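Please read the structure below before turning to the comments.
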Amino acid sequence: MGELFVDTSAWYPLVVRSHPDHSRMSSALRDRILAGARVVTTNLVIAETHVLLLRRAGIAAALGFVQRVRQPPNVIVVSTSALEDVAVDSWLARDNDQQFSLTDAVSFAVMSERGISEALTLDHHFAVAGFAMVDR
1098 MGELFVDTSA WYPLVVRSHP DHSRMSSALR DRILAGARVV TTNLVIAETH
1148 VLLLRRAGIA AALGFVQRVR QPPNVIVVST SALEDVAVDS WLARDNDQQF
1198 SLTDAVSFAV MSERGISEAL TLDHHFAVAG FAMVDR
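Put into structure tokens, the structure is as follows:
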């Protein structure tokens, strides 16, 4: 198995055990890792998840997430500054009838560039953009 992209909408329930999707996201991630998938995310997704955790789960959860996710070999973190222009041109401008965030558009650009077809996400925009949403 190749690479699996993990989005903010999956990271949050993975960290917050009381979230209704925690078990489902945890099982899906565990199954993919056991099958040999490498987990990929971006610096923008990490920043977005950090803010969400900070606001909803507190500083300890937010800091713990950032510290764990950045420790190799857990996750491949793609630094995205070089892909932001591509994301704007390829996803935001082209699909302006969609409400893609810049973080989503950059995620799509990373997935396209790396040949990643699946995302662990609860965000339907990934399916709209043509990627498979892993839900178990």
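Under my numbering, the first residue of the sequence shown carries the number 1098, and numbering increases by one thereafter. Even for Gly, the Cβ is constructed at its ideal location relative to N, Cα and C. No experiment lies behind these values; they were computed from the predicted model shown.
Please report the residue range of the beta strand (DSSP E) in which residue i lies.
i, result
"residue 1067", "Since the displayed the chain opens at 1098 and closes at 1233, residue 1067 lies outside it and no answer follows."
"residue 1231", "1229-1231"
According to DSSP, is residue i part of a helix, a strand, or is it coil?
i, result
"residue 1113", "coil"
State yes or no: is the C-beta of residue i within less than 9 Å of the C-beta of residue j?
i, j, result
"residue 1174", "residue 1166", "yes"
"residue 1138", "residue 1108", "yes"
"residue 1197", "residue 1228", "no"
"residue 1128", "residue 1218", "no"
"residue 1111", "residue 1098", "no"
"residue 1189", "residue 1207", "no"
"residue 1083", "residue 1159", "There is no way to answer for residue 1083, as the model of the chain reaches only from 1098 to 1233."
Pull up the DSSP beta-bridge partners for residue i, would you.
i, result
"residue 1135", "1100"
(request) Could you tell me which uninterrupted beta strand (DSSP E) segments, each at least 3 residues in length, are contained entirely in the region 1145-1209, listed from first to last along the chain? (result) Those beta strand (DSSP E) runs which fall completely within the region 1145-1209 and span 3+ residues are 1173-1175.
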